[in-house]
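Student:
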Amino acid sequence: MPTTLTPAPAELQLAELAEANRPAQLPLLTRVCEMLAASPAVTHLLVRGSLASGTADRLSDVDFVVGVHDRDLSAFASALDDLMTIAAGALLPGWRDTIVADLGGIGFVFLVQHEGKLQQVDLYLAPASQISALRRKVAGKTLLERPPAEITTQIEQARTHITGLLSRPRSCTELLIEHLVLAVLLHKRIQRGQRFVAYAEWHMLHTATKDLVKAALAPASRFWGWYQLREELALTPIGRSCLADLDAAITSPAVPTAADVNAALDQVIALTERACPNALDGLADAITAYRTYLELA
Numbered sequence: 140m141p142t143t144l145t146p147a148p149a150e151l152q153l154a155e156l157a158e159a160n161r162p163a164q165l166p167l168l169t170r171v172c173e174m175l176a177a178s179p180a181v182t183h184l185l186v187r188g189s190l191a192s193g194t195a196d197r198l199s200d201v202d203f204v205v206g207v208h209d210r211d212l213s214a215f216a217s218a219l220d221d222l223m224t225i226a227a228g229a230l231l232p233g234w235r236d237t238i239v240a241d242l243g244g245i246g247f248v249f250l251v252q253h254e255g256k257l258q259q260v261d262l263y264l265a266p267a268s269q270i271s272a273l274r275r276k277v278a279g280k281t282l283l284e285r286p287p288a289e290i291t292t293q294i295e296q297a298r299t300h301i302t303g304l305l306s307r308p309r310s311c312t313e314l315l316i317e318h319l320v321l322a323v324l325l326h327k328r329i330q331r332g333q334r335f336v337a338y339a340e341w342h343m344l345h346t347a348t349k350d351l352v353k354a355a356l357a358p359a360s361r362f363w364g365w366y367q368l369r370e371e372l373a374l375t376p377i378g379r380s381c382l383a384d385l386d387a388a389i390t391s392p393a394v395p396t397a398a399d400v401n402a403a404l405d406q407v408i409a410l411t412e413r414a415c416p417n418a419l420d421g422l423a424d425a426i427t428a429y430r431t432y433l434e435l436a
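Numbering-wise, the sequence shown is residues 140 to 436 according to my numbering.
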């Protein structure tokens with residue numbers, strides 16, 4: 140009769156330990172990886188961050204570098220929102236990441252509903268022609284590599300698309316999405332005790348509020364940043380109301396609490412309803428889900 144080997148107690152303990160420490164995000168990472176790998180436009184998939192280094196916790200994001208054929212980058216980036224929403228369960232279109240370092244591509248942050256929680260999925264799209272240089276700067280693990288036979292054609296087209304996307308002014312809808320993503324990021328910083336990062340992202344949220352107001356009420360503004368804001372906006376009742384909201388925002392604590400973040404998000408949604416209600420079209424269910432998440436965070 141064949142002999143059945145029974146695992147030793149130590150082996151069983153190690154197996155149980157490995158399962159107990161299996162990152163909760165692993166099924167989501169696998170699902171997104173399989174979805175991206177199915178596209179013939181994708182040449183490389185690298186996972187980076189804490190999931191690559193084995194230091195992930197329950198709040199860790201799923202962080203990918205996605206190499207894309209230079210010739211396909213524009214079309215792939217344009218289709219990414221639909222792909223992530225339909226196939227991966229993203230709650231909203233991606234936020235164009237303004238925090239990630241410049242690695243020759245462009246980053247997006249998606250918030251995906253997974254096993255009753257809201258998980259952050261970061262996708263950094265890079266032209267295939269930039270992957271070798273990117274690997275020298277970024278530590279990560281390669282999940283997929285199928286270099287194209289030819290990467291020198293249409294490189295300039297990919298660069299032009301990235302430059303154009305980065306320089307294009309963001310719409311009110313995009314700025315509202317930025318608020319929602321930053322609110323989730325801030326809750327993570329607060330739970331982890333990352334006060335310095337929370338301070339920086341809290342300032343980013345206030346700046347996004349200013350940008351939203353300007354996009355709605357002064358889209359042709361000739362002034363940079365916060366300059367001449369009162370002079371441009373105080374001419375109308377709605378502008379004065381938005382200025383009062385901004386004044387309240389900038390006088391809030393330098394490092395927020397979870398309640399501060401929730402209140403700021405409610406205020407921004409109310410501001411959007413007054414200044415640019417069209418930005419809320421199609422987002423009602425997503426905002427409800429965000430509020431539910433933030434209440435439970």
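Yeah, the Cβ is synthetic: ideal placement off N, Cα and C, and Gly gets one too. This one's a predicted model, so the numbers in the text were calculated from it and none came from an experiment.
Which residues bound the beta strand (DSSP E) around Arg275?
Tutor: Careful: Arg275 lies outside any beta strand (DSSP E) and carries neither H nor E.
Student: Work out the CA separation of His183 and Gln259 for me, nearest whole Å.
Tutor: Using only the alpha carbons, I get a separation of about 21 Å.
Student: Taking C-beta to C-beta, are Ala403 and Ala322 nearer than 9 Å?
Tutor: It is a contact, given that the beta carbons lie within the stated cut-off.
Student: With distances taken Cα to Cα, identify the nearest neighbour of Cys311 among Leu419, Ala195, Arg430.
Tutor: Residue Leu419 is the option with its Cα nearest to Cys311.
Student: Would you be able to state if there are at least three C-beta pairs under 8 Å between the segment 341–355 and the segment 247–262?
Tutor: At 8 Å Cβ cutoff, the stretches do not touch.
Student: Figure out for me which residue from Leu304, Arg361, Ala227 has the closest Cα to the Cα of Ser217.
Tutor: Considering only alpha carbons, the answer is Leu304.
Student: Which runs of the beta strand (DSSP E) spanning at least 3 residues fall entirely within the segment 398–431, listed in chain order?
Tutor: Those beta strand (DSSP E) runs which fall completely within the segment 398–431 and span 3+ residues do not exist here.
Student: Please list, in chain order, all residues of the same chain as Thr375 whose beta carbon is under 7 Å from its beta carbon, the five residues on each side excluded.
Tutor: Answer for Thr375: no residue qualifies.
Student: Kindly indicate which three-state DSSP category Arg307 falls into: helix, strand or coil?
Tutor: Here Arg307 sits in coil by DSSP.
Student: Could you give the distance in angstroms between the alpha-carbon of Val407 and the alpha-carbon of His208?
Tutor: Going from the Cα of Val407 to the Cα of His208 covers about 38 Å.
Student: Could you check the C-alpha separation between Arg307 and His300 for me, to the nearest Å?
Tutor: Their Cα atoms are separated by approximately 11 Å.
Student: Name, in chain order, the residues that DSSP records as bridge partners for Ile316.
Tutor: In the DSSP output, where bridge partners are listed per residue, Ile316 has none listed.
Student: How should Leu151 be labelled, buried or exposed, when 16 other C-beta atoms within 10 angstroms of its C-beta is the threshold for buried?
Tutor: Caution applies to Leu151, whose pLDDT of 46 falls short of 50 and renders its modelled position unreliable; the value that the coordinates give is listed next. Classification for Leu151: exposed.
Student: In angstroms with no decimal places, state the Cα-to-Cα distance between Ser199 and Ser189.
Tutor: Those two C-alpha atoms are separated by around 7 Å.
Student: Which residues in the same chain have their Cβ closer than 6 Å to the Cβ of Lys327, if we skip the five residues on either side of it in sequence?
Tutor: So the qualifying residues of the chain are Leu198.
Student: For Ala297 versus Ser178, is the C-beta spacing smaller than 9 Å?
Tutor: Result no, Cβ atoms of Ala297 and Ser178 do not sit closer than 9 Å.
Student: My guess is that Asp261 and Asp202 are in contact by the Cβ rule of under 8 Å, so how many angstroms apart are they, rounded?
Tutor: Asp261 to Asp202, Cβ: 5 Å. Contact.
Student: In chain order, what residues of the same chain have a beta carbon less than 6 Å from the beta carbon of Tyr432, not counting five sequence neighbours either side?
Tutor: For Tyr432, where only same-chain residues beyond five positions count, the Cβ hits under 6 Å are Leu257.
Student: With distances taken from CA atoms, which of Ala226, Arg210, Thr390 is nearest Ala176?
Tutor: The residue with the shortest Cα to Cα distance from Ala176 is Ala226.
Student: With distances taken between CB atoms, is the gap from Ala414 to Ile377 smaller than 9 Å?
Tutor: Yes, the pair counts as a contact, with Cβ atoms nearer than the cut-off.
Student: Am I right that Leu325 and Ala337 are in contact with their C-beta atoms under 8 Å? What's the rounded C-beta distance?
Tutor: Sure, about 6 Å apart at Cβ, within 8 Å.
Student: On a Cα-Cα basis, can you pick out the residue from Phe362, His318, Ala393 that is closest to Arg334?
Tutor: Ranking Phe362, His318, Ala393 by Cα distance to Arg334 puts Ala393 first.
Student: Could you work out which residue in Asp220, Gly228, Arg285 is closest to Glu313 when comparing CA atoms only?
Tutor: With distances taken between Cα atoms, Glu313 lies closest to Asp220.
Student: Assign Glu173 to buried or exposed, taking buried as 16 or more other Cβ atoms, counted over all protein chains shown, within 10 Å of its Cβ.
Tutor: Exposed, by the Cβ-count rule.
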